[in-house]
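See below for the structure under consideration.
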Amino acid sequence: MFSKRKYLLCTTTFAGLMAVAAPAVAQEQLPGVNVQGQSDQEATEIGEVVVTGSRIRRDPTNAPTPLIQVTREELLSTGQSTMIDYLATIPALANSLVPSDTTGSNLNDGGLSFANLRSLGTGRTLTLVDGRRHVGAAEGSLAVDVDAIPRLLVENIEIVTGGASSVYGADAVSGVLNFILRKDFEGLEIDANYGMINQEGQANKRISALAGVNLFDDRLNLYGFAEIEDIDEVGSMDIDWMRDGRGFVNLDADPTSARNDGNLDSMVIGGGVRSLSRPRWGQTTLANSQQPSPLNDPDVPLTNCVTTGTVINTSGNCYSLDPTRTYVYEGTTARLANFGQRLGNTGANRTLNIGGDGDPVALFGQESRVPQSNSARYQVGANFAVRDNMMLRAEYKLIEEDTFDVSQPTFYDFFLDDAQYAANQVSTATATNSFGLRYSDTAFLPANVRAAIATNTITNYTTNANTPGTPLAPVARAWARHSMFGPQRTQDNHREIERYVISLNGDIDQLGFISNIAWDLGYTAGEARNRNIERGTDNQRFNLAADAYVDVAGIVNGRPGEIVCRSRFIQASGGAPADSFRGGLLTDTAEGSAALAACVPLNIFGAGNQSQAALDYIDASITVSHVNQQEQAVAAVSGQLWDFFGAGPIGVAIGGEYRHESTEGIGRSTGTGNRSLFLNTGADFAFAEYESEEVFAELSIPLFRDTWLGEYAELSGSYRYFDYTTAGEGEVYGVNLVYRPIRDIAFKSSFNTSFRAPNLTENFRPNTQTFANGFVDPCATLVIAGQSATIRANRIANCTALAAAQGFTFDFAGATSTNTDDFNPTYTSGIAGVTGGNPLLSPETSESFTFSTVLQPRFIPNLSIVFDYYEIQINDVIAAVSAQQLSNNCVSGPTLNANACATLVRLNPAIPFGFGNVAGHPTGAFIQGSTNFASLQTRGLDFSATYSVDMEEVFGLNLGRFDYRVGGLWLLEQKQFLDSANAANFVENASNVFFPRVRLTSSLTWSPNDVWSVNWSVDWQAAQHNANLRLRDLVAANNADARPYDTYDTGDFARHDFTVRWNAADNLSVRFGVVNAFDIEPAAYLGTATTPNFDPYGTRFFIGLNYRPF
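First residue of the sequence shown? That's 2 in my numbering, and the numbers climb one at a time after it.
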């Protein structure tokens, strides 16, 4: 934490000393400075402009805040497929949301692109267009879809990397992206690009056109823009290294009391890995128990299948994959599965193999990695000079975008046995996606599997210290489990954005004692409409259809021997089929009656055996629509006052702002109705809104110019008062100091307070279903053993107390010589819960400090070096804390965290003390509500350098011109304080995956003449750790043999891109190049995961042109 009092005291003391000395030798003009693309010249020739970060006109070289600029040329020349993909290569914008991040389990966000400064969250980065607000694209959010801003219209992008709420209002916590658009364009410009987005050939195709004309002696400018862009879908199997299949395999399990035996516990398998866990349309495993290994080498733990009673046991302990008991399907026949080269030596249920049956591991998760997208973007505008010093501007924009992506398929478990059914009973539902099914007469089950189930026995074991487990007497149990992936889940998203802007601005040379007045009145309105068709399955219909029966007598349809739904057979036989989802009878509800009447039998045993009629019957979808609306009115005026110190006039700006935000979403509740769907269900988003009224002011005071203290210094400040109908009143401020001791060096320092009001989703989103995927139970004995000594002790005590409250006793410490009393649950799928908003949220507040050094040495022309140090701390952070973090918080502190524990449920019907809830419970296992918690802190150093040299001018060699640019980020810390009950509990993300300690981009351009140029760009980042697998932590936990040492981090990563530009004519330029020229792939230990900072798409090529016929 840093002290604002310390920074303010240093800043104001220094400013005061310089102000006292300033009048001594003050001059009237600021001597020349090097501005990019300009030679030395007097300040009056440079002129004064408004630069992002302030509303006061000033020399741009004296801008008070750190600023990164991106030009249109850079955006158009890059081989990256979208604008946000390019911006995300800037280290300060790493972890921005790119289109490939919007596939999988995310809803209603297909293809969206959100900037994320300092990796503090997309909601904490304010995106402006010409200094004005833009409507947010996601439901209830203010985050702006960056790719909805036409790139051909962009003049440049100015990025302020520090808090700026006192200047621009809420959301500018980590900084501002301001897209400056071209003004008064005249002529016609066409830009087209074809670029591969994956080395298998998937591509982005775009054509853009901008036309403008000046009329009435150039007083009126009219322009129009149009763009069409198509992006192909990239699936998991389209990416070569992902298709090959790779990942970690467990080799050795150690006793928790002695975890380092010198044998590697796991290793990376480089390719060809397949999974038999849950293939498309399933595998069937007979109930069994696996023989445990010796207790002193617990590779295979004791996982006996409890056979008490005749009711089927649905515990995962009973259905470990087994080469003698696991069946797969070919056509309508079944055979024992081919396990190929079975991988791993640990655990009772070993699901991975090389060769043989099963699906590639890349297909176990989501299928789409980049969504298919078709976009049309249009914008028209007018600029009219009402008077010589008054300009009226108006613009209208329309964006239409359709995206499609495929997430993880639906997944179901069927437990096959006969003992639990009455004569006329239909298949039961043990959970929304887990059903019982008769094996003896289910129609599509191959005869050999039916016979194997009927004669199945289960052999349980005792454990021995030094030898494998001793078998007990076998028990006959005709049980089996059919585990499967079913039909795909897809999202078909249509998005429209409209935006209107009208403004009137002008200049007044003098009004009373105020000179150089600039004023602006502006009104902006925007609307984002989204319609998402979410497609999955109807769980009840799936259950009814899977319960297929041979109608020997033809009672249902008069066709003897026909396969029908058992429910229809029971009804036709005079029975009353029960409704296992709603209770009562199927005929009690319209949905149940419709499902019964239309039922079509479904063959669930093996891919390709499903009729289209059955697939149509179980298909389900909901159409969810939402709309965001925004209005903003701003009035601002700036000018210059007196020159007290002879250093230049005091600058001042004042203004006011009104803003209205609203959102509404319908279709989720009404579309679901009284059905049980394999989709994210929940209530509709009722209309919600807020208004804000704000006033702001800025003041800049030049302290001296050309004195013995230096060439120039300026102290400036900003202030904003706000009043939100939801978040209440507040105020923020900023203080900046610019000091240039000599023309070659400038120092800039700033301290800013900022705020972020809760957005409408965080405040008012209704509870909707979500899933905790890849959940790691913090009470698992093996997980506890890998923690620091303090957390280990806390978790042992807290987990023991939690378990005791439910009547369970486990060895959480791993203190005994046996692993049989340990708690090591296996969660085979995502854990269901709910997430929602919180109307009682408070605004986030933040403090940021920056210190910059700018070097432009005269003795090395065309060299510029910038260092920007920053610190940002955000308090009362608003977030829906994940189920994983909640569960960690519950047990990691000195005592149980009552608030976190209260949001969690450990009533898993298949895992004693496991996370989960009874079937059909509306909240599931956890509640992720938005809350104010703890804080975020980040600290780092941005650095950049540019250098240009004309070889003939400098060395007399006719080799053309070289331009070099490098920019980077040294991340000193990125702390997340996620536990409000324990202020000392934080996660240090710096150097973890997503947060490289150092990342830099470099660009070298050689222009041998005015016709050709060649660019070589490198995106380099330092090695990153898996957050849970740092070598030092495993050594501390006496588990240094957990994996090979070279797999504890990703290794350094560098992507090389090359671009060639050919200026074929004065009005035509052609560009072509290659991205990831050396086909660098992400680290193997990341498995099939994709992270935005590691380019996963291999070597790819692009070509584009820019043509201006007139």
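The C-beta atom is built at its ideal place from N, Cα and C for all residues, glycine as well.
Pairing residue 963 with residue 935 gives a Cβ-Cβ distance that is not under 7 Å. The beta carbon of residue 1013 sits closer than 8 Å to the beta carbons of 1061, 1062, 1063, 1064 from its chain, once the five residues preceding and following it are set aside; these are given in chain order.
The alpha-carbon of residue 399 is positioned some 10 Å away from that of residue 529. In this structure, the beta-carbon distance from residue 484 to residue 279 falls below 7 Å. Within the region 905-979, complete beta strand (DSSP E) segments of at least 3 residues are found at 928-951, 962-978, given in chain order. Residue state for residue 1059 is assigned as strand, using DSSP reduced to three classes. A Cβ-Cβ separation of about 6 Å places residue 653 in contact with residue 700 under the 8 Å criterion.
Given a length threshold of 4 residues, each whole run of the alpha helix (DSSP H) inside the region 514-583 is given here in chain order: 540-547, 567-573. Taken in chain order, the complete beta strand (DSSP E) segments of 3 residues or longer contained in the region 670-754 are 686-708, 711-725, 729-743. Assignment of beta-bridge partners to residue 633 by DSSP yields 525, 660. Residue 415 sits close to residue 438, with the two beta carbons spaced by under 7 Å.
When DSSP states are grouped into helix, strand and coil, residue 765 belongs to the helix group. Separation of residue 646 and residue 710 (C-alpha to C-alpha, rounded to the nearest whole angstrom) is 13 Å. Between the region 143-150 and the region 62-81 there are fewer than three C-beta pairs closer than 8 Å, too few to call the two in contact. Within the region 843-897, the complete alpha helix (DSSP H) runs of at least 4 residues fall at 884-893. Proximity of the region 1065-1074 to the region 266-286 falls short of the contact definition, fewer than three beta-carbon pairs being nearer than 8 Å.
In this structure residue 639 touches residue 56 by the C-beta definition: roughly 5 Å separates them, less than 8 Å.
Under the DSSP assignment, residue 504 falls in the beta strand (DSSP E) whose first and last residues are 491-512.
Scanning 79, 734, 536 for the CA closest to the CA of residue 493 turns up 536.
Assignment of beta-bridge partners to residue 190 by DSSP yields 211.
The beta carbon of residue 950 lies closer than 6 Å to those of 963 in the same chain, with the five residues before and after it left out.
The DSSP-derived three-state label of residue 592 is helix.
DSSP places residue 334 outside any alpha helix (DSSP H); the residue lies instead in the beta strand (DSSP E), whose first and last residues are 334-337. Within the DSSP secondary-structure output, residue 197 pairs in a beta bridge with 204.
Burial is judged here by how many other beta carbons sit within 10 angstroms of a residue's own beta carbon; residue 1001 has at least 16 and is buried. Bounds of the beta strand (DSSP E) holding residue 375 are 373-388. When the five nearest sequence neighbours on each side are left out, the beta carbons in the same chain lying within less than 7 Å of the beta carbon of residue 1100 are those of 200, 1075, 1077, 1078, 1080, in order along the chain. C-alpha of residue 969 to C-alpha of residue 161: approximately 15 Å in a straight line. With 16 or more neighbouring CB atoms inside 10 Å of its own CB, residue 222 falls in the buried class.
Contact annotation: the region 945-959 does not touch the region 912-929, with fewer than three C-beta pairs closer than 8 Å.
Look at the beta carbons and you see the region 455-462 touching the region 300-314: at least three pairs across the two are nearer than 8 Å.
Taking residue 881 as the centre and dropping the five residues before and after it, the same chain places the C-beta of 836, 929, 931 closer than 6 Å to its C-beta, in chain order.
Burial state of residue 542 is buried, judged by a 10 Å Cβ sphere holding 16 or more other Cβ atoms. When DSSP states are grouped into helix, strand and coil, residue 239 belongs to the helix group. The beta-bridge partner set that DSSP reports for residue 1007 consists of 963, 1015. The beta carbons of residue 270 and residue 301 sit about 20 Å from each other, so the pair does not count as a contact at 8 Å.
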